[in-house]
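Each number in this note's numbering corresponds to the 1-based position in the sequence shown with 557 added.
For each residue, glycine too, the CB sits at the ideal point set by N, CA and C.
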Amino acid sequence: MQIADFTPDSFHKFLAGLESEQASRRQSYYLATQRVFFNKQQATNQNFSKELRRGSNRVLDSATALFADSARNVFNARTVSGGGIVSGDAAEGAHQARHAITVLRLAGTRGVTSDTLDAKAQNASGPGVYSFLVKSNNQDIRLSVKIDQLDTNEQVLEKVADAINGAGLGLNAAIERNNLAGTARLRVDGFAPGAISSVTLRDASRTLLADIGLSTKRFAEGTTGGITEVNDNAVFTIDNATFVSGTNRVALYDGSLTYPIRNTTDGTQMLGGSNRGGGGLYGAHRATINLDAAGTAALQINPDTDAAAQGIESFLDSAGKFLDLLEAHTAHAYSQASGFIRSELDARARSLEDMGIKESNGTYKIERGALLRDRLDNNPGAAQSLFAGPGGLARRTVFGTLQASIAPMVNFAPAETLSDSSLARITGTFFNSTF
């Protein structure tokens with residue numbers, strides 16, 4: 558139809574129909590646009606909810622490791638050290654202690670003895686400086702002793718024993734005396750089974766070891782020195798008490814050796830089986846030590862400051878990332894939650910700095926690890942109180958995290974739309990909490 562064919566009435570109807578069609582198209586476009594926006598917003602919210610859940614779980618997991626009533630409290634972690642003579646591990650809460658320990662002989666090891674000599678007779682080697690080699694792990698270690706003209710056989714054996722013990726080889730040399738017969742011989746213990754062929758003793762200059770009969774090339778027989786048979790039990794002392802054990806792994810409960818202990822015919826005490834009480838005198842806070850080599854060392858059971866420092870670092874890292882997540886969202890509930898957590902951190906800034914932890918670009922981090930470990934070594938209770946005590950930082954952070962986790966994603970200004978009471982229902986009463 559041409560425009561010229563329209564009457565005024567029909568032309569107005571045509572225009573009205575055209576406007577109605579355009580309005581319908583605009584409405585359809587508007588609704589489609591709204592659906593796209595809603596779907597995008599819903600996907601965004603779902604993704605944020607997942608991130609929020611993962612972030613809050615990380616905070617809860619790292620904070621729980623700091624709590625005194627947690628089964629994995631890092632402040633209760635312990636280390637065991639013993640200068641290469643003993644090693645081991647300790648259960649959480651094991652008694653912190655320092656013990657003097659001497660391992661005289663390992664269970665299942667072999668020893669080497671010298672000839673049995675007349676103790677008071679003048680030595681057969683003569684005066685001079687003598688050198689001999691101990692070869693272990695394909696490495697020769699040279700030792701020297703000075704023999705005087707009037708030294709007795711017993712005195713020579715003592716000098717050789719002192720040289721071996723002072724070399725830090727994991728061997729223990731001692732003099733075995735028979736006062737009734739007036740004899741003495743040198744015994745060297747600490748050789749692992751099978752290692753006697755790879756650990757050798759031999760003269761380097763002159764013939765001192767040959768003169769006293771100390772040899773790793775033959776088995777001992779009668780009064781002739783050499784390799785002894787395999788020993789059944791470990792022999793060691795803890796705080797001057799002597800024990801023997803059929804195993805090189807020994808348990809201590811709160812500083813006391815495991816029970817039962819029974820006396821043996823030679824006057825030592827024999828470690829029995831497992832503790833019938835299940836945990837010694839003070840519960841199951843046990844340290845287990847391995848007898849690694851013959852020798853003397855200080856056995857230390859100390860707090861594991863590395864584990865505690867790592868636990869604190871993990872908590873600070875997870876809390877910082879959770880704050881970043883909250884502060885990137887516009888919902889007022891999250892803004893208030895992040896403000897609450899940040900205020901708890903800032904209120905303890907001085908105490909944290911005293912432990913080597915400082916705020917940088919809105920995030921608290923360990924800047925002086927040595928200082929933190931020093932504080933954990935010397936005053937672990939203060940660190941535990943700061944983070945995990947009643948009202949401690951970790952507990953307050955957990956409270957704020959839980960509130961953020963249950964808050965809705967409301968994107969409006971609360972002052973314009975909500976009363977104080979309804980706002981409290983959405984965000985939680987942060988500042989009056991007693992968590």
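Nearest CA to the CA of residue i: which residue from the options?
i: aspartate 672; options: Gly683, Ala741, Glu715; result: Ala741
i: glutamate 778; options: Ala855, Val669, Ser701, Phe879; result: Val669
i: leucine 726; options: Lys716, Val691, Arg763, Lys703; result: Val691
i: leucine 766; options: Asn722, Val717, Gly946; result: Val717
i: methionine 912; options: Asn918, Phe944, Ala885; result: Phe944
i: glutamate 711; options: Leu880, Asp675, Ala720; result: Asp675
i: glycine 938; options: Ser619, Phe624, Arg615, Ala888; result: Phe624
i: glycine 723; options: Ala738, Glu733, Val745, Leu737; result: Val745
i: aspartate 708; options: Glu733, Ile721, Ala681, Ala731; result: Ala681
i: aspartate 903; options: Gln857, Arg930, Thr862, Leu950; result: Leu950
i: phenylalanine 897; options: Leu909, Leu883, Asn633; result: Leu883
i: glycine 770; options: Asn633, Thr780, Ser871; result: Thr780
i: alanine 927; options: Asp863, Ser875, Arg953, Ala876; result: Asp863
i: serine 627; options: Asn935, Gly868, Tyr921; result: Gly868
i: threonine 920; options: Lys878, Ala720, Leu758; result: Lys878
i: alanine 651; options: Arg611, Ile658, Ala657, Asn633; result: Asn633
i: alanine 731; options: Leu737, Ala738, Asp934, Asp719; result: Asp719
i: asparagine 936; options: Ala885, Ile784, Asn859, Asn736; result: Asn859
i: arginine 952; options: Ala876, Leu929, Arg907; result: Ala876
i: alanine 940; options: Arg907, Thr764, Ser962, Asn918; result: Arg907
i: asparagine 736; options: Pro684, Asp768, Asn918, Lys677; result: Lys677
i: aspartate 881; options: Asn918, Ala866, Ser871; result: Asn918
i: glycine 782; options: Phe793, Leu758, Ser688; result: Leu758
i: isoleucine 698; options: Ser619, Ala761, Pro684; result: Ala761
i: serine 606; options: Phe800, Ala888, Ala844, Ala622; result: Ala888
i: histidine 886; options: Thr794, Ala961, Ala622; result: Ala961
i: alanine 620; options: Arg905, Val686, Asp874; result: Asp874
Quick check on DSSP: helix, strand or coil for residue i?
i: isoleucine 642; result: coil
i: histidine 889; result: helix
i: glycine 938; result: helix
i: arginine 907; result: helix
i: leucine 707; result: coil
i: lysine 878; result: helix
i: glutamate 649; result: coil
i: lysine 716; result: helix
i: glycine 949; result: coil
i: leucine 726; result: coil
i: glutamate 916; result: strand
i: leucine 856; result: strand
i: aspartate 861; result: coil
i: leucine 847; result: First, the amino acid is wrong: residue 847 is asparagine here, not leucine. Correct three-state label for asparagine 847: strand.
i: serine 701; result: strand
i: alanine 1013; result: Because the chain in this structure spans residues 558 to 992, residue 1013 falls outside the shown range and cannot be described.
i: aspartate 554; result: An answer regarding residue 554 cannot be provided, because it is not within the stretch 558 to 992 covered by the chain.
i: leucine 674; result: strand
i: leucine 663; result: coil
i: serine 688; result: strand
Rounded to a whole number of angstroms, what is the C-alpha to C-alpha distance between residue i and residue j?
i: serine 802; j: aspartate 849; result: 14 angstroms
i: asparagine 832; j: arginine 635; result: Reliability of the predicted coordinates at asparagine 832 is poor, the pLDDT of 39 falling under 50, and the value obtained from them is presented with this limitation in mind. If you take the alpha carbons of asparagine 832 and arginine 635, they lie about 21 angstroms apart.
i: leucine 728; j: leucine 617; result: 50 angstroms
i: alanine 648; j: glutamate 608; result: 35 angstroms
i: valine 713; j: leucine 743; result: 10 angstroms
i: leucine 796; j: valine 631; result: Checking the sequence, you will find aspartate at residue 796 rather than leucine. Aspartate 796 and valine 631: Cα-Cα distance of roughly 29 angstroms.
i: leucine 959; j: aspartate 861; result: 30 angstroms
i: leucine 852; j: alanine 791; result: Note on identity: in this sequence residue 852 is glycine, with leucine being the wrong assignment. Rounded to the nearest angstrom, the two C-alpha atoms are 12 angstroms apart.
i: glutamate 910; j: aspartate 646; result: 32 angstroms
i: alanine 855; j: glycine 747; result: 18 angstroms
i: arginine 806; j: glutamine 653; result: 19 angstroms
i: proline 947; j: glutamate 924; result: 26 angstroms
i: phenylalanine 516; j: serine 900; result: It is not possible to answer for residue 516, since the shown part of the chain is limited to 558 through 992.
i: phenylalanine 956; j: valine 660; result: 51 angstroms
i: arginine 932; j: serine 613; result: 29 angstroms
i: arginine 763; j: histidine 656; result: 41 angstroms
i: alanine 808; j: lysine 922; result: 38 angstroms
i: isoleucine 658; j: alanine 798; result: 9 angstroms
i: phenylalanine 800; j: glutamate 733; result: 18 angstroms
i: lysine 915; j: arginine 930; result: 15 angstroms
i: glutamine 857; j: alanine 844; result: 10 angstroms
Got a sec: does the ligand NAD put a non-hydrogen atom nearer than 7 angstroms to the Cβ of residue i?
i: glycine 877; result: The ligand NAD is not part of this structure, which contains no ligands at all.
Are there three or more Cβ pairs, one per stretch, closer than 8 angstroms when the region 882 to 895 is compared with the region 843 to 862?
no
At least 3 beta-carbon pairs within less than 8 angstroms: the region 652 to 666 vs the region 764 to 777
no
Meets three-Cβ-pair contact criterion under 8 angstroms: the region 697 to 713 and the region 638 to 647
Not touching, per the Cβ criterion.
Quick one: which unbroken alpha helix (DSSP H) runs of 4-plus residues sit fully inside the region 730 to 803? Chain order, please.
765 to 769
Please go through the region 603 to 629 and give each complete alpha helix (DSSP H) segment of 4 or more residues, from N-terminal end onward.
Segments of the alpha helix (DSSP H) lying fully in the region 603 to 629: there are none.
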